[in-house]
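Residue numbers (our numbering): 731 to 825.
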């Protein structure tokens, strides 16, 4: 089972990466996560963001993640420590 973190999207860094201000962590996660994590999206289920990654851009990502409560299902960390994972809007109530 993948580790999962939740939080609010903040600064967009590129068409597929942003900073997540982590507010919740799944009980039983295998790894530790800081209060602020850089996320590279390997896939996304975000209303308003095109399904095809080649159509993603910084502006569309900003409109989908800035201030939104998001869920990140973590695939892995890269060599720089950046999280790669699937990002989606979290449901009402947060989880």
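Where a beta carbon is used, it is the ideal one built from N, C-alpha and C, also for glycine.
Only a predicted model underlies this, so the values are computations on that prediction, with no experimental measurement involved.
Simplified DSSP assignment, three categories, for residue i
i           : result
residue 816 : strand
residue 787 : coil
residue 756 : coil
residue 764 : coil
residue 793 : helix
Where residue i falls, given that 16 or more other Cβ within 10 Å makes a residue buried
i           : result
residue 809 : exposed
residue 767 : buried
residue 815 : buried
residue 836 : The question about residue 836 has no answer here: the residues shown for the chain are numbered 731 through 825.
Beta-carbon proximity of residue i to residue j, cut-off 9 Å
i           : j           : result
residue 740 : residue 813 : no
residue 819 : residue 798 : yes
residue 817 : residue 775 : yes
Segment limits, beta strand (DSSP E) that includes residue i
i           : result
residue 805 : 799 to 807
residue 778 : Careful: residue 778 lies outside any beta strand (DSSP E) and carries neither H nor E.
Cβ-heavy atom distance, residue i to the ligand PLP, below 8 Å
i           : result
residue 805 : With respect to small molecules bound, the structure shown includes none, and the ligand PLP cannot be examined in it.
Review point. Do the segment 731 to 742 and the segment 751 to 758 meet, that is, are 3 or more Cβ pairs less than 8 Å apart?
Key: yes
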